[in-house]
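Residue numbers (the numbering used here): 2 to 162.
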C-alpha cells in the first residue's frame, strides 16, 4: 500500500522528534541537533518549508525562560519551549533541493534575534535558540501528535505560563 504524503510527514515528525505547536504543520519545533536532517528529509520528500519561527528551549520544567514567553512542554525532551517575540523568517524555495537546503541552513545558522539582558541572542551563541518550521501543506491536515481529549482531562502542565 502506497503511503500518503501526510503519513510520510507524520513519520518524519516522529523520526526527528519534531513537535508542532498547534494541530497543523506550522511552528514545528525541531532540536538544533536534528534541524538539518529534518529539513533535508522534508525537502527530499517534496515538502516546502515556508517560514521559520524561533523558540527558546528550557531544559527543566521548573526553570524560567530568559528571553521567550510561554509555550508547550516538550514531547520528546525533558523541558519546555518559550515562544520568542520576533517575526517569522520567510523562506524562498527555488525548486533546487540542494540550494533550498543551503538557504534554510544559512537562515538558521546566521539568525540573530537581538540583545537580551546585555547578551546577544543568536543561533551561534545561544544554545537554547531553537528553530520551528512552517510547512506549505493542505490546511485541513491535522498532525499525528494532536491530542483532543475532553478539556477536563488536559494535563495541568501542558503549557507553561
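Glycine included, C-beta positions come from ideal geometry on N, C-alpha and C.
Item: If you pair each beta-carbon of the region 109-118 with each one of the region 58-66, do three or more pairs fall below 8 Å?; Value: no
Item: Of the residues 141, 134, 118, 89, which one's Cα is nearest the Cα of residue 14?; Value: 134
Item: If you run the structure through DSSP and keep just helix, strand and coil, what is residue 162?; Value: Residue placement at residue 162 cannot be trusted, given a pLDDT of 45 that sits under 50; what the coordinates show is reported in the next sentence. Here residue 162 sits in coil by DSSP.
Item: Between the C-alpha atoms of residue 140 and residue 22, what's the straight-line distance to the nearest angstrom?; Value: 15 Å
Item: Determine the extent of the alpha helix (DSSP H) in which residue 60 is found, giving its start and end residues.; Value: No alpha helix (DSSP H) contains residue 60, which DSSP labels as neither H nor E.
Item: What are the partner residues of residue 20, as DSSP defines its beta bridges?; Value: 30
Item: Quick check on the DSSP output: the beta strand (DSSP E) that includes residue 123 runs from which residue to which?; Value: 120-123
Item: Is residue 53 helix, strand or coil by DSSP?; Value: strand
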